[in-house]
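S.K.: Numbers 51 to 430, taken from my numbering, label the letters of the sequence shown in order.
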Amino acid sequence: MSLLQPEFEEGTILDIGGSKLPSTLKALVCKFIFPKDTSETPLLPSALMWDDTGLNLFRQITRNPTYNLMADELSLIKENLGVIADSVKDASTIIDLGSGDFRKLRLLLSALSQAGKRITYYAVDLSRDSLQDNLAQFAKQGYPPTTKGYGLWGTFNDAHSWLSRFPRGEGPRYFCSLGSQLGNDYFPETVRIWRQWATLLNSNGRGEGDKGDRFLVGLDATSDRTRLWASYHGDDAEGYNSLFEKYIRNGFSHSNKVLGVPWYKHGDWDIDGEIVEEPYTMHRFVLTARTDVEIRVPPGGLGGDKGESQQGLHQGDPLVKKFTKGDRIHCYEAFKYGPEVVLRQFEEAGYDLLSRWSTADGTWREKPPIRKPFHKYQYC
Ligand SMILES: C[S@@+](CC[C@H](N)C(=O)[O-])C[C@H]1O[C@@H](n2cnc3c(N)ncnc32)[C@H](O)[C@@H]1O
Numbered sequence: 051m052s053l054l055q056p057e058f059e060e061g062t063i064l065d066i067g068g069s070k071l072p073s074t075l076k077a078l079v080c081k082f083i084f085p086k087d088t089s090e091t092p093l094l095p096s097a098l099m100w101d102d103t104g105l106n107l108f109r110q111i112t113r114n115p116t117y118n119l120m121a122d123e124l125s126l127i128k129e130n131l132g133v134i135a136d137s138v139k140d141a142s143t144i145i146d147l148g149s150g151d152f153r154k155l156r157l158l159l160s161a162l163s164q165a166g167k168r169i170t171y172y173a174v175d176l177s178r179d180s181l182q183d184n185l186a187q188f189a190k191q192g193y194p195p196t197t198k199g200y201g202l203w204g205t206f207n208d209a210h211s212w213l214s215r216f217p218r219g220e221g222p223r224y225f226c227s228l229g230s231q232l233g234n235d236y237f238p239e240t241v242r243i244w245r246q247w248a249t250l251l252n253s254n255g256r257g258e259g260d261k262g263d264r265f266l267v268g269l270d271a272t273s274d275r276t277r278l279w280a281s282y283h284g285d286d287a288e289g290y291n292s293l294f295e296k297y298i299r300n301g302f303s304h305s306n307k308v309l310g311v312p313w314y315k316h317g318d319w320d321i322d323g324e325i326v327e328e329p330y331t332m333h334r335f336v337l338t339a340r341t342d343v344e345i346r347v348p349p350g351g352l353g354g355d356k357g358e359s360q361q362g363l364h365q366g367d368p369l370v371k372k373f374t375k376g377d378r379i380h381c382y383e384a385f386k387y388g389p390e391v392v393l394r395q396f397e398e399a400g401y402d403l404l405s406r407w408s409t410a411d412g413t414w415r416e417k418p419p420i421r422k423p424f425h426k427y428q429y430c
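#1: What are the uninterrupted segments assigned as beta strand (DSSP E) that are 3 or more residues long and contained completely in the region 198–229, given in chain order?
#2: Return helix, strand or coil for Leu53, following the three-state DSSP convention.
#3: Nearer than 7 angstroms: is that true of the beta carbon of Val267 relative to any heavy atom of ligand 1?
#4: When you measure from the CB of Gly301 to every non-hydrogen atom of ligand 1, does any distance come out below 7 angstroms?
#5: Counting Cβ pairs closer than 8 angstroms, one from the region 117–128 and one from the region 197–205, do we hit at least three?
#6: Assign Arg406 to one of three DSSP states: helix, strand, or coil.
#7: Closest to Ser303 by C-alpha separation, out of Gly317, Arg178 and Ser292, would be which residue?
#8: Quick check on Thr170: does DSSP put it in helix, strand or coil?
#9: What is the C-beta distance between Trp244 and His210, in whole angstroms, given that I count them as a contact (C-beta under 8 angstroms)?
#10: Assign Ser96 to one of two classes, buried (16 or more other C-beta atoms within 10 Å of its C-beta) or exposed (fewer than that).
#11: Among the residues of its own chain, which have a CB less than 8 angstroms from the CB of Arg275, if the five just before and after it don't count?
#12: Just to check my reading of the structure: Leu131 and Ala161 have Cβ atoms closer than 8 angstroms, yes? What is that Cβ distance to the nearest angstrom?
#13: So, for Ser227: in the same chain, excluding its five sequence neighbours on each side, which residues have a beta-carbon less than 8 angstroms away from its beta-carbon?
#14: Going by C-alpha distance, which of Trp279, Phe82, Tyr382 and Glu90 is nearest Asn300?
#15: Please confirm whether Lys375 and Asp342 have their CB atoms less than 8 angstroms apart.
#16: Gln231: beta carbon under 7 angstroms from a heavy atom of ligand 1?
#17: Measuring CB to CB, does Arg178 end up less than 8 angstroms from Ile66?
#18: For the region 283–301 against the region 72–88, do three or more pairs of beta-carbon atoms, one drawn from each stretch, fall closer than 8 angstroms, so that the two count as touching?
#19: Please give me, in chain order, every unbroken run of the beta strand (DSSP E) with length at least 3 that falls completely inside the region 121–179.
#20: Does DSSP put Trp313 in a helix, a strand or coil?
#21: Would you tell me roughly how many angstroms separate the C-alpha atoms of Leu158 and Thr272, rounded to the nearest one?
#22: Between which residues of its own chain and Gly366 is the CB-CB distance below 6 angstroms, once the five residues before and five after are set aside?
#23: Within 10 Å of its beta-carbon, does Thr88 have 16 or more other beta-carbons around it, so buried, or fewer, so exposed?
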């Protein structure tokens, strides 16, 4: 079996873990809402943001002029499309991690098919509907039959284990992490994640005619406070201070479904943002309890290694978290590492930087193609 000629029909969406998402997400939420170290502020993992409503809201956010991240990255890709496409070898397998709405990869795949390159494209996403939309758009593009598209439904971790089992094709693998998907975490965790992905990359690929695997990485490096704040707080939504607030609150409502307990009620929580500047710039949302709130998750259903260790409890105990007025929950931590720090992360993870581009004001950086011999947590 070859990645270039997989034995499933073109357009297939493979369930690589997607049907287990309810338990995967439940375990993830429990891990961060009930942290083992009770001095840590609980966190709602970002993976909770991507239900159907969240995806729709995010689509609206990315079309909003104050959310400059999408527009900046798109223009950077357009400006450098020729060089990026040249860096993708014929017969490559492109793996698009968190494919979202396909706006960026569509550009690359068009350039590659115009250049006559044979490409196998895998979109990876938590959302089956989003994959279906992507592949429907893919089918409409009129790519030549040598450009084939598939969906992998599941988490990044699911994709990693699937790809480590699935035999490689004849050509290189070209991973894409656009929209600050990977590399958006505390420094040590970021390095750990890049190292984990590096295990899937071959290491013999430098120079002309090489078979080396690559990573195309898009990272937001906005450090200007005004611009950063406007990205997350700059637009209106009926009944909310901003569209982003609506999106974040939807993630919390989603956690009610995931945990099976209606612990979160909008009126119980104030929401605000904060920019943390030390040791690195990061924006996050903070929910603050307006009243006492309790979360009590009945025992069971957490599976595997996920549930047993929370607060040292046994499987038979309920998970309980009591918030008193003024207690906080963090959410949607968005790291804005500068180029020097990112370089250090890649070096520590064992990658070579082959080229990089940034927007004129230096806020958005693409780091393609990166070759492998590229506080924590909420990754799944
Ligand atoms: C911010 S969008 C980015 C889309 C696209 N890469 C871009 O740059 O425009 C995030 C997408 O990644 C998916 N996603 C988020 N976390 C994920 C995870 N842990 N595993 C798989 N997909 C994930 C979401 O469902 C969503 O479609």
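Note that CB positions come from ideal geometry on N, CA and C, so glycine has one too.
Because the structure is a prediction, the values reported are computed rather than measured.
M.R.: Concretely, from the data shown:
#1: 223–227
#2: For the purposes of this step, residue 53 is identified with residue 3 of the sequence shown, where counting begins at 1. Confidence in Leu53 is poor, its pLDDT being 48 and thus under 50, which makes the residue's placement too unreliable to answer from.
#3: As a first step, residue 267 is located in the sequence shown; it is residue number 217 there, counting from the start. No.
#4: Mapped onto the sequence shown, residue 301 falls at position 251. No, since every heavy atom of ligand 1 falls outside the 7 angstroms radius drawn around the Cβ of Gly301.
#5: no
#6: Translated into positions along the sequence shown, residue 406 becomes position 356. Arg406: coil per DSSP, three-state reduction.
#7: By 1-based counting over the sequence shown, the position of residue 303 is 253. Here the closest residue by C-alpha is Gly317.
#8: Within the sequence shown, residue 170 is the residue found at index 120, counting from 1. Annotated three-state conformation of Thr170 is strand, per DSSP.
#9: For the purposes of this step, residue 244 is taken as residue 194 along the sequence shown, with counting starting at 1. For the purposes of this step, residue 210 is taken as residue 160 along the sequence shown, with counting starting at 1. Going by Cβ atoms, the distance from Trp244 to His210 rounds to 12 angstroms, so no, they are not a contact pair.
#10: Within the sequence shown, numbered from 1, the residue matching residue 96 stands at position 46. Buried is the call here.
#11: For this step, residue 275 is matched to residue 225 along the sequence shown. So the qualifying residues of the chain are Ile325.
#12: For the purposes of this step, residue 131 is identified with residue 81 of the sequence shown, where counting begins at 1. For the purposes of this step, residue 161 is identified with residue 111 of the sequence shown, where counting begins at 1. That pair is a contact at about 5 angstroms.
#13: Here residue 227 refers to the residue found at position 177 when the sequence shown is read from its first residue. Around Ser227: Leu147, Gly148, Gly233, Phe265, Leu266, Val267 and Gly268.
#14: Against the sequence shown, residue 300 aligns to sequence position 250. Considering only alpha carbons, the answer is Tyr382.
#15: On the sequence shown, position 325 is the one that residue 375 refers to. On the sequence shown, position 292 is the one that residue 342 refers to. Yes. Within cutoff.
#16: Translated into positions along the sequence shown, residue 231 becomes position 181. For ligand 1, at least one heavy atom lies less than 7 angstroms from the Cβ of Gln231.
#17: Your numbering for residue 178 matches position 128 in the sequence shown. Your numbering for residue 66 matches position 16 in the sequence shown. Contact flag unset, no.
#18: no
#19: 142–147 and 169–175
#20: Indexing the sequence shown from 1 puts residue 313 at position 263. Three-state result, Trp313: coil.
#21: The residue you call residue 158 lines up with position 108 of the sequence shown. The residue you call residue 272 lines up with position 222 of the sequence shown. Cα-Cα distance, rounded: 24 angstroms.
#22: For the purposes of this step, residue 366 is identified with residue 316 of the sequence shown, where counting begins at 1. Excluding positions up to five away in sequence, the list reads Pro349.
#23: Numbered from 1 along the sequence shown, position 38 holds the residue referred to as residue 88. So Thr88 ends up on the exposed side.
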